[in-house]
Each structure stands twice: as C-alpha cells, then as structure tokens.
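Here's the structure we're looking at; comments come further down.
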Ligand SMILES: Cc1cc2nc3c(=O)[nH]c(=O)nc-3n(C[C@H](O)[C@H](O)[C@H](O)COP(=O)(O)O)c2cc1C
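Printed below as a string of structure tokens:
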C-alpha cells in the first residue's frame, strides 16, 4: 500500500503519480490522506489500480476514470465519476450534484444519497445509489442503468433516451417523456447483478422500472407543449 | 390589369407591405402548413454592420509602407502559452472552426484537416466527437468539450493538441445543438450512443458545471487529466463579450474564441439565428477591452469568428485586437458548398446556389453536409483539401498585403488607428473614426 499525503505533496503530484502507473504496475494499492475536499482528485486514471481516499472530496473526483477502482471514505462533491469509461467509483457517504454525469461505462456506487441531476446525460455507465436521489436525475440519459434503492425526486428521467431507471421507493414525479415500464426477467437479472456488485441487499423484485416513452424522439407538433 | 374600374375611377398601384414582405408571408404560410419552426443551417442572413463598413487608410507621409513580397510581414501566432507546456504554434492567424462530424461527412472533415495542415493551421472537432479521419489528417487538432459530451473520452482528450470548452456559438447563444433523424447514420448513432434515426437534441448547458466558479474547477480537472500540456480555450457566443471574456480569463482560459451572430451553425431555429446575439463587428472591442483591463491582451489569445470571408476581414479583426480568426462557412464554400455547378439539383430542392441552407436534411448536392453514402461520393477530400489550402493562402496573402500597406512587419502590429469607418454604426461598434472625421459615437470626451 502506497500512502500519499495530498496536503503535503499537492494535486499535480498526486494525479501525475497515478497516471504513471502502467497496466501491469505492482503498486496497485494507493491511499490518499488529507483530501480535505480538494477538487479533481484521481482524475483521468487509466490503469487497474485501487485508490482509497480517506476523507471527503471536492468536484470531479474520479472524473473520466478508466479501469481504476476509486473509493471515497467520506462524501463526494459535484460531478464525481463524471464521464467515467470503465472501472469503479465507490462513495461511502453522500454525493453532490451530477454524480456520474455523461458516464460511458463502469460502475458508480453511492452508499449514501445522491443530490440532483444524478446520472445526467449518462451514456452507458451503471449507477447504484443505496439512498435517495434528487430532482432532474437521469435528465437526457442515453443508456446504462440507474438503480435507486431509496426514493427519487422530481422530474425523474426528463427527456431520457434508452437508459433504464430502476427505483425501489417513491418517485416524486416523472419528467417529460418518462414513463413506468414493464419489469421483465432480463431486468431482474440486470438488477440482481448490479445490486450484488454494489453490496446492496435490496431485492430486485422490489423495484419499478422507468424509461423513455419515446414520444419526443421525432418532432411532432402535437407534443409541442413538452418541448 | 386594368388601370381604371368600370366607372373610370383609377386604381391605386398595388402596394406590397414593408412589414408583411413576401419573405415574411412565406414564413407564415410555412408555419401554418407544418406547425414547426423553421430549422436551417448557416448564419444570420440579415444585413448587420460588418467589416465591409471599415476601411484601412494605408501609408502616407507619416506612416511608410513595407515593400510587397520583399520586406517580411510575419503571420505566425502562438496560442495558449499562458498555462500550457505545449502551446499551439500556427503559421497563419486563420484557423478552422469546430464543425461536427454528423453535420459534416467524414470525407469533409478529412478535407478540412488536409487543407488546414497544408496551410500550417489548426482544425477543430465538434459536437459528435473526434473521428480518425480528422485526427489523422490534422497536424493540429483542437478537441471540443461540449455540453452534449457526445463521444467524449479521455483517450481522444489526450490525443488533442488543445481543448475548447464550448459555452456558446454566435449563431445561437444559449441554444443547444440539433441533428435531425435524417442524418443519424449507423456511424453517427454509434459515436453519439443514441438510437438511429431520431432527432438529436444537444443540451444547451454543460451537465456538470454552471457559472464561472465551476468553470474554473472544470478547467482544473481537464488540465489535470491532460497533465497541463495542452492549451484550454473557452468558446463563447457574442452575447456579453466584456463580461464573458473577463470570466473566461478569470476561470483560467488560455484563449477565448468569440463568435458573432453571423457565425454559421449546422442546424438551429431560424428565429434564433436571426434574432439572438450581437454582430461580430460589435463584440471585438469590448472583448479586447476586457483583456486589456486584466493585463491579459496578447497573453490570453482572442480568436474571433462569425462571417470572416477574406484577408481584408482577417486584417480588420486583427487591427481591432484579435490574435487570430476562425472560419466555418467560408471553409465549406472553399470545399464546394453551394457551388453553382449543382444549380439544377438546388432547384429541385426548392432553392438556388448560394441560398442552400437546409444542411440538416442531409441532402447536400455537394456531398459535404450529409451522411448519405451516394452524395458523399461526389466529394473528393484530397481535392477539397487542396482548395481549402489555396483559399487559406490567398486570405493570408491578402491580409499581408494590407498589413504591409499600413507599414506593419507582423499582422499583430495592425491597430485600430489604421482604420476608419464608413457608417456611424460601424464607427460606434469598432470605436474608430467615421471616415473624414476624428470622431465616433461614444468617443470619450466628445460629450455624445
Ligand atoms: C456545419 C457547421 C457545423 C458547426 N458545428 C459546430 C459545433 O459542433 N460546435 C461549435 O462550437 N460550433 C459549430 N459551428 C460553428 C463554428 O464553429 C463557428 O463558430 C462558425 O462557423 C463561425 O462563423 P462562420 O461560419 O461565419 O465562419 C458549426 C458551424 C457550421 C457551419
């Protein structure tokens, strides 16, 4: 285990050291101490290393992650794991706005609650939130799965495309063109795998699925009020 | 038509309304028939004060000229030296603006790369991500970071020579992108991770930041991902240039791209193009003023776009304080867009060469703004690249001709004092004297 004191050594040194870790590095386990809410911690990683951050992070922790596993033992600021491509980001506490925004792949696990716009514009990422999510989550979500073990706020899935949204608790309101969908066996299977990987003991059968009604896919004057 | 009625009373001459013109009436009829606003490509078609309203004075007894072709007039420009370890070095101050793959075909993007590289300048990706064609053929490629983040990934980010965070476009300040179903081929759909054939809306705001304080952190993140190597530009529409430039610089931009209302777009609502944003001529001086007030003029580069057509436009933009310009529409015309040789086909589409702007429909007779494989075959990227290179060279020679006539050995030495304006409006916007006077509206100390 390599320990990196962020306060003493600075952000540039942290990210450049993590970027230097090549595919078959033998320094696979890293611990970052004294993050103190700094922004852009462990961004742009590109190797299968494990980074544990002991404390809370600012904006964009784990941004554009590829292959790495990043764990925040604390809460994460806005845009955590934004545009993640692969790998895993785990937030032990809560996550602020835009968690997992535009992510293309990998798994984001939020053990606490997530704020508004969770999974905005997601493009293939899987997100599992153990608690609740805020308003406008999965806005324009394109693909991937958003799993919410608690409740969802207003306007869930507004203008979403092909992303699958699973909510166990209540949904305050659905956004434009988002509707409840049938739960089929393949969805139960997806949930089973994601919940197991995210260490949640929620039962797949307890969830409802939401997704695009596909009424706004091509412009139609009769839907003008929804635009 | 008889001139009198049956009682011998003369008819008045039928008079068309200046308010309800035939253009307006056709817009109303189109709206009534379809129930959807008019979408089109291109920039504002209305007449606004522009660079044609400015003139250079040239040399005289007090200013002596440089000898054409013999005495050097430098054109090189370095962009992004403030924070980046690898700034962009361009031979000419004319760059190719960001145009999306999706709006343009793969071969058209390749031609832009070929032409720009041969002329020693950069080209720019667009909404839809980076294609191998343009990366492969562009010696310097600027990678746009847009609200949609279509195709955004860290590998391409690290392949870029600069990153351009797009906040706005001159054609549609505050508007997002649009790519209608007709142009969503398999390849475009896959790059954007969306179903084929649907109308794609690109968001108008970034999904993970709002406001200047967030932008500063976003720039930090992008720099950390790319190791502080490449410059980061911020592109803004010509909305509130003084404040936008100030805030972009404060957020840590290496360069600001400023796009006026004549700037082209691939597709948006006509009402947006014609009624939102300020003319290119009007936005330069406030932007330069912002840089000067921050002590950042020439340190943070200003790249101006929106209706740049000729070396004269380049020289005028630079005299008013821009470090470089970017061209979109003009580059497409150089490639063969709107060429009269396709006139019969334009006629079939209900238009005429020069006016064709339904780029979103994907039926471009010139094979440039399309994803139709048959139409794309009409366009040869090698020939297109050659034409673009020629055009860029001509613009540069023209700009040098003017700069030498004004006695400048570098394009950057052109200054507002070299210019006069032909109209009051242009004088006020460019803050140069009305021709024949030493005055412009708003000149400090003149009481007007
Ligand atoms: C076909 C086309 C596609 C465009 N796509 C983009 C884009 O993806 N992103 C962007 O920031 N600007 C885009 N623009 C705007 C240009 O980057 C640039 O601001 C504009 O073309 C400059 O004005 P000009 O066309 O008068 O030269 C596009 C313009 C055109 C003509």
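Residue numbers (the working numbering), protein chains in the order written: chain F, 1 to 227; chain X, 1001 to 1448.
Beta carbons: idealized from backbone N, C-alpha and C, even for Gly.
Since the model is a prediction, treat every value here as computed from it, not as a measurement.
So, are the CB atoms of residue i and residue j less than 8 Å apart?
| i | j | result |
| --- | --- | --- |
| residue 1229 of chain X | residue 1085 of chain X | yes |
| residue 1408 of chain X | residue 1073 of chain X | yes |
| residue 175 of chain F | residue 157 of chain F | yes |
| residue 1259 of chain X | residue 1306 of chain X | yes |
| residue 29 of chain F | residue 60 of chain F | no |
| residue 161 of chain F | residue 137 of chain F | no |
| residue 1122 of chain X | residue 1078 of chain X | no |
| residue 1318 of chain X | residue 1093 of chain X | yes |
| residue 87 of chain F | residue 74 of chain F | no |
| residue 1109 of chain X | residue 1071 of chain X | no |
| residue 1209 of chain X | residue 1196 of chain X | no |
| residue 1344 of chain X | residue 1105 of chain X | no |
| residue 1129 of chain X | residue 1156 of chain X | yes |
| residue 191 of chain F | residue 1224 of chain X | no |
| residue 1264 of chain X | residue 1102 of chain X | no |
| residue 43 of chain F | residue 64 of chain F | yes |
| residue 181 of chain F | residue 209 of chain F | yes |
| residue 1202 of chain X | residue 1146 of chain X | yes |
| residue 1068 of chain X | residue 1396 of chain X | no |
| residue 1320 of chain X | residue 1284 of chain X | yes |
| residue 1099 of chain X | residue 1120 of chain X | no |
| residue 1163 of chain X | residue 1066 of chain X | no |
| residue 53 of chain F | residue 25 of chain F | no |
| residue 1430 of chain X | residue 1422 of chain X | no |
Residue i bridges to which residues according to DSSP?
| i | result |
| --- | --- |
| residue 1124 of chain X | X:1098 and X:1142 |
| residue 30 of chain F | F:2 and F:51 |
| residue 1204 of chain X | According to DSSP, residue 1204 of chain X bridges with nothing at all. |
| residue 88 of chain F | F:69 and F:107 |
| residue 228 of chain F | The structure shown does not extend to residue 228 of chain F, since chain F is modelled only from 1 through 227, so no value can be given for it. |
| residue 123 of chain F | F:143 |
| residue 1410 of chain X | X:1074 |
| residue 178 of chain F | F:212 |
| residue 1420 of chain X | X:1055 |
| residue 1233 of chain X | X:1164 and X:1255 |
| residue 1178 of chain X | X:1201 |
| residue 1434 of chain X | X:1421 |
| residue 1004 of chain X | X:1010 |
| residue 1040 of chain X | X:1268 |
| residue 133 of chain F | F:114 and F:152 |
| residue 1081 of chain X | DSSP output for residue 1081 of chain X lists no bridge partner at all. |
| residue 985 of chain X | In the structure displayed, chain X extends from 1001 to 1448; residue 985 of chain X sits before or after that span and is not available. |
| residue 1129 of chain X | X:1126 |
Please list the terminal residues of the continuous alpha helix (DSSP H) segment that includes residue i.
| i | result |
| --- | --- |
| residue 1028 of chain X | 1022-1034 |
| residue 1114 of chain X | 1106-1118 |
| residue 188 of chain F | 185-197 |
| residue 1320 of chain X | First-last for residue 1320 of chain X: undefined, no H or E at that position. |
| residue 1223 of chain X | 1211-1225 |
| residue 1249 of chain X | 1241-1250 |
| residue 23 of chain F | No alpha helix (DSSP H) contains residue 23 of chain F, which DSSP labels as neither H nor E. |
| residue 1155 of chain X | 1154-1159 |
| residue 1133 of chain X | 1132-1137 |
| residue 152 of chain F | No alpha helix (DSSP H) holds residue 152 of chain F; DSSP gives it neither H nor E. |
| residue 12 of chain F | 11-19 |
| residue 1067 of chain X | Note, residue 1067 of chain X: premise wrong, no alpha helix (DSSP H); not H, not E. |
| residue 1377 of chain X | No alpha helix (DSSP H) holds residue 1377 of chain X; DSSP gives it neither H nor E. |
| residue 1335 of chain X | 1329-1335 |
| residue 1346 of chain X | 1343-1348 |
Would you mind reading off the limits of the beta strand (DSSP E) that contains residue i?
| i | result |
| --- | --- |
| residue 1368 of chain X | Segment: none, residue 1368 of chain X is in no beta strand (DSSP E) and carries neither H nor E. |
| residue 1401 of chain X | Where residue 1401 of chain X is concerned, there is no enclosing beta strand (DSSP E), although the alpha helix (DSSP H) it sits in stretches over 1381-1405. |
| residue 1198 of chain X | Careful: residue 1198 of chain X lies outside any beta strand (DSSP E) and carries neither H nor E. |
| residue 1090 of chain X | 1088-1090 |
| residue 164 of chain F | 164-167 |
With a threshold of 7 Å, establish whether the CB of residue i neighbours any heavy atom of ligand 3.
| i | result |
| --- | --- |
| residue 1127 of chain X | In terms of ligand content, the structure shown lacks ligand 3 and carries ligand 1 instead. |
What residues of chain C sit near residue i, judged by a beta carbon separation below 8 Å?
| i | result |
| --- | --- |
| residue 102 of chain F | Considering every chain present, this structure includes no chain C. Its protein chains are F and X. |
Those runs of the alpha helix (DSSP H) which lie wholly inside the stretch 1258-1315 of chain X and span at least 4 residues: The stretch 1258-1315 of chain X contains these whole alpha helix (DSSP H) runs: 1270-1275 and 1280-1293.
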